[in-house]
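Student: The structure that follows is given in the form of structure tokens.
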Amino acid sequence: MKTLVLGLGNPILCDDSVGIRAAQEIGKKVNDPQVTVAETSAAGLSLLDSIVGYDRVIIIDAIQTEKGQAGQIYRMGTEDFSLTKHFSSPHQINLVTALELGKMLNLAMPQKITIFAVEAEDVTSFSEKCTPKVEQAIPEVVKMVLEELDA
Amino acid sequence: MKKITIDPITRLEGHGKITIFLNEDGSVANTYLQIPELRGFEKFSEGRPAEDMPQITQRICGVCPEAHHMAATKALDDLFHVEPTSTARKLRELLYSAFYVTDHTTHFYILGAPDFVMGPDAHPAERNILGVIGKVGLELGGAVINTRKQNHWIIQTVGGRPIHPCFGLPGGVSRAINEEERAKIEEIARGSVEFGKVSLKVFDDVVLKNKTYLDMILSDAFTQKSYNMGLVDKNNKVNFYDGKVRVVGPDGKELCKYAPREYLEHIAERVEPWTYLKFPYLKKVGWKGFVDGKDSGVYRATPLSRLNAADGMATPLAQEEYEKMYSTLGGKPANFTLATHWARLVELLYAAERLLELSKDPEITSPNIRNIPTAKPDEGIGIVEAPRGTLTHHYITDEKGVIKKCNLIVGTTNNYAALFMSIKKAAADLIKPGVKITEGLLNRIEMAWRPYDPCMSCATHALPGQLPLEVTIYDAQGNEVKKLSQGI
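Chains B and H supply the protein sequences, listed in that same order.
Per the working numbering, the first sequence runs over residues 364 to 514.
Per the working numbering, the second sequence runs over residues 2 to 489.
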């Protein structure tokens, strides 16, 4: 099963880098020719370009929810995301629309997409480090993704 | 006084909040556009080597990294007092043209077209690219994806990395291209020219042949008579990569044409207490408030402004479309905000034609891609046209090239005052006493600002880091009824 682990985010925007940081750690620990680990700052339609051709995709990104606690980790399938206004970069279209577009155009879409989202505290300040609770969540989400890969 | 809030604003980058205050009778008293975000980029860059700026600034936003990369690269040329080689200039413009093809395609089909193709009264769930493709057909949908994908390949190949090029250097670029790459770029460019023509035909079929839309484009509700800004080459034709900044008034007369080094003589920034964003305006005209007209220093920097500020397009097919556009709109300059979507497509075609021209240039595969700087750095200014408007990077460094001070005026910042006015005008013209406010009406107000394709993340980039947010509601007597705040 061709798998892509994709860390999304902005590496210089504080907690928005969490997906990228996690992917960097996962990349060091994965040694399977069927698994590609990548990072990107793309979103929406550009994301579609990245995931086409894989059977399974695991995405890691920052999220901000109304009542979430910084560092909290959520595991979701795409059906959980239809109402998100802010996924990675809201400028383009959200992930779910991108996926539906891919299906509509008969592109080789992955059969399984899992998203690990880390609740962010600060996604508006320029910084190369995350806030403490989010930093602490990085090894945790790495572990969860590695377990997901083994499943 | 009733309060209506449109929040979140769909299909835009970052946060934005439009608040409309109504009178007792249901008419609009006032409208405010407020950006609560603060980013702190200038502070973040202090102490860093200026040569890192093309890499760093392109991270500000995932949408137009190439624009920041290019402006930063040109600022470095200026900072180190070095001219790029002829091949380097052409490679930079080639990459930049491919970028424009991707960016304008994305905006039109994903952000702008849904309003027109589906109609402003369509259900929000349909007012997106899926609805658009449902109407224009799967083949065109595939062409949208493909054009973007292929031009992204050009950016990656020429720029050295997907999305975030590692390409610009003071005096040149980091890699040359070979004949195999060049041939593929030429092939992609030809396809992109065809795609540009098709997109203009879509606009013609769906928008211009529909009287309701054409009337809306020409309506007073979406008209604004502000100054127009854009980069022009030595023939006063639109150029995205290089040239002088030309400003033309709503009456069509040139106000000024300046080189990057002179920008502070022409542009000042106004601070207003109700927002963290600063409003650039034309110094020579002066700040007269949020009003249009040739006595107000408010200006616009958008695809339409660029076409208004220039005397034409430098490539033949785009020039034909340029002439057709102005003939339909009743001459130059065109002050119809919604026509920005049309201008964007003319620019898309130009970018594709320019890409093709450059791909066939005999110098384009030359290995002579860099002049090594020898002078000491001190101050550098680089200006390009970002898709969203004129982008200025200004660095002041010590003699080792370490940033002491940095000022960026990004595309959307130029348009902030005009944006505010467009929304206010659309609100006042469309929300009237006794008229039921439906979702479609609210989307019409958003339609006033979507032509600007605003990127709010770029537009607010100053300290401090906390995120203050305040919502205030006043009754008809002006008494504060409720105040909610966070971080204050």
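Idealized CB from N, CA, C, for every residue including glycine.
Is residue 78 of chain H buried or exposed, if buried means 16 or more other CB atoms sit within 10 Å of its CB?
Tutor: Label assigned to residue 78 of chain H: buried.
Student: How is residue 422 of chain B classed by DSSP in three states: helix, strand or coil?
Tutor: Note: residue 422 of chain B maps to strand in three-state DSSP.
Student: Drop a sphere of 10 angstroms on the beta-carbon of residue 162 of chain H, count the other beta-carbons inside from all chains shown, and report buried for 16 or more, exposed for fewer.
Tutor: It is exposed - the Cβ of residue 162 of chain H has fewer than 16 other Cβ atoms within 10 Å.
Student: Please tell me whether residue 103 of chain H and residue 169 of chain H are closer than 7 Å, where the distance is taken between their beta carbons.
Tutor: The answer is no: Cβ separation not under 7 Å.
Student: Relative to chain C, which residues along the segment 123-156 of chain H have a C-beta separation below 9 Å, given in chain order?
Tutor: Protein chains B and H are contained in the structure displayed, whereas chain C is not.
Student: Cα separation between residue 251 of chain H and residue 217 of chain H?
Tutor: Rounded to whole angstroms, residue 251 of chain H to residue 217 of chain H spans 20 Å at the Cα level.
Student: If we count Cβ pairs, one from each stretch, closer than 8 Å, do we get three or more for the segment 331-342 of chain H versus the segment 152-161 of chain H?
Tutor: Flag = no, the segment 331-342 of chain H and the segment 152-161 of chain H do not touch.
Student: Should residue 49 of chain H be flagged as near chain B, meaning a C-beta pair shorter than 7 Å?
Tutor: Chain B contact via Cβ: absent.
Student: What's the C-alpha gap between residue 132 of chain H and residue 212 of chain H?
Tutor: Near 21 Å, if we compare the C-alpha coordinates of residue 212 of chain H and residue 132 of chain H.
Student: Is the Cβ of residue 451 of chain H closer than 7 Å to any Cβ of chain B?
Tutor: So no, residue 451 of chain H is outside the interface.
Student: For residue 410 of chain H, return the contacting residues in chain B, with the cut-off set at a CB-CB distance below 9 Å.
Tutor: Those within 9 Å of residue 410 of chain H in chain B number zero; the least Cβ separation is about 18 Å.
Student: Leaving out five residues on either side along the sequence, give the residues of the same chain with a beta carbon under 7 Å from the beta carbon of residue 364 of chain H.
Tutor: Hits under 7 Å: 87, 88, 91.
Student: So, with DSSP's three-state summary, where would you put residue 61 of chain H?
Tutor: Of the three classes helix, strand and coil, the one that applies to residue 61 of chain H here is coil, per DSSP.
Student: On the DSSP letters alone, give me the boundaries of the alpha helix (DSSP H) that residue 218 of chain H sits inside.
Tutor: From DSSP, the alpha helix (DSSP H) with residue 218 of chain H extends over 212-219.
Student: With DSSP run on the structure shown, which of helix, strand or coil describes residue 498 of chain H?
Tutor: Outside the modelled stretch of chain H, which goes from 2 to 489, sits residue 498 of chain H, for which no answer is possible.
Student: Once you ignore the five residues that flank residue 257 of chain H on each side, which residues in its own chain have a CB closer than 7 Å to its CB?
Tutor: So the list reads 248, 267, 285, once near-sequence residues are dropped.
Student: Looking at the secondary structure, which residues open and close the beta strand (DSSP E) in which residue 507 of chain B lies?
Tutor: Element bounds for residue 507 of chain B: not the beta strand (DSSP E) but the alpha helix (DSSP H), 495-513.
Student: Show which residues of chain B have a CB atom less than 8 Å away from the CB atom of residue 164 of chain H.
Tutor: Ordered by position in chain B, the residues that pass the 8 Å Cβ test against residue 164 of chain H are 403, 404, 405, 409.
Student: Residue 413 of chain H versus chain B: which residues are under 9 Å apart at the beta carbon?
Tutor: The premise fails here: residue 413 of chain H is roughly 11 Å from chain B at the closest Cβ pair, so nothing lies under 9 Å.
Student: Measure the beta-carbon distance from residue 96 of chain H to residue 166 of chain H and round it to whole angstroms, keeping in mind my assumption that it falls under 8 Å.
Tutor: Indeed they touch by this definition, with Cβ atoms about 7 Å apart.
Student: Distance, Cα to Cα, residue 188 of chain H vs residue 279 of chain H?
Tutor: Roughly 43 Å between the two C-alpha positions.
Student: Residues in the same chain with beta-carbon distance under 7 Å from residue 390 of chain H, minus the five sequence neighbours each way, listed in chain order, please.
Tutor: The residues are 302, 303, 412, 413, 415, 416.
Student: On the criterion of 16 or more Cβ atoms from any shown chain inside 10 Å, does residue 260 of chain H qualify as buried, or is it exposed?
Tutor: When all chains shown are included, residue 260 of chain H counts as exposed.
Student: By the criterion of Cβ-Cβ separation under 8 Å, what are the contact partners of residue 45 of chain H in chain B?
Tutor: Correct list: 375, 489, 490.
Student: For the segment 482-491 of chain B and the segment 369-381 of chain B, state whether three or more C-beta atom pairs, one from each stretch, are separated by less than 8 Å.
Tutor: These segments touch.
Student: Let me know if residue 262 of chain H comes out buried or exposed under the rule of 16 or more other beta-carbons within 10 Å of its beta-carbon.
Tutor: Residue 262 of chain H should be labelled exposed.
Student: Can you find the residues in the same chain that come closer than 6 Å, C-beta to C-beta, to residue 430 of chain H, ignoring five residues on each side of it along the sequence?
Tutor: Within the same chain, residue 430 of chain H has close Cβ partners 222.
Student: Look at the Cβ atom of residue 197 of chain H, then the Cβ atom of residue 349 of chain H, and state whether they are nearer than 7 Å.
Tutor: Closer than 7 Å, so yes.
Student: In the segment 104-115 of chain H, which residues sit with their C-beta less than 7 Å from some C-beta in chain B, listed in chain order?
Tutor: Listed by position along the chain: 107, 111.
Student: Under 9 Å between beta-carbons, which chain B residues line up against residue 192 of chain H? List them in chain order, please.
Tutor: The premise fails here: residue 192 of chain H is roughly 17 Å from chain B at the closest Cβ pair, so nothing lies under 9 Å.
Student: So who's on the other strand from residue 490 of chain B, going by DSSP bridges?
Tutor: According to DSSP, which records beta bridges pairwise, residue 490 of chain B is partnered with B/376.
Student: Report the rounded CA-to-CA distance for residue 101 of chain H versus residue 435 of chain H, giving the unit in angstroms.
Tutor: C-alpha separation (whole angstroms): 44 Å.
Student: Count the other C-beta atoms from every protein chain shown that fall within 10 angstroms of the C-beta of residue 364 of chain B, then say buried if there are 16 or more, exposed otherwise.
Tutor: Result: exposed.
Student: Nearest-angstrom Cα distance between residue 314 of chain B and residue 513 of chain B?
Tutor: Since the displayed chain B opens at 364 and closes at 514, residue 314 of chain B lies outside it and no answer follows.
Student: In chain H, which residues lie with their C-beta within 8 Å of the C-beta of residue 472 of chain B?
Tutor: The contacting residues do not exist; residue 472 of chain B stays about 12 Å from chain H at best.
Student: Between the Cα of residue 46 of chain H and those of H/395, H/454, H/342, spot the shortest distance and give me the residue it belongs to.
Tutor: The option with the nearest alpha carbon to residue 46 of chain H is H/395.
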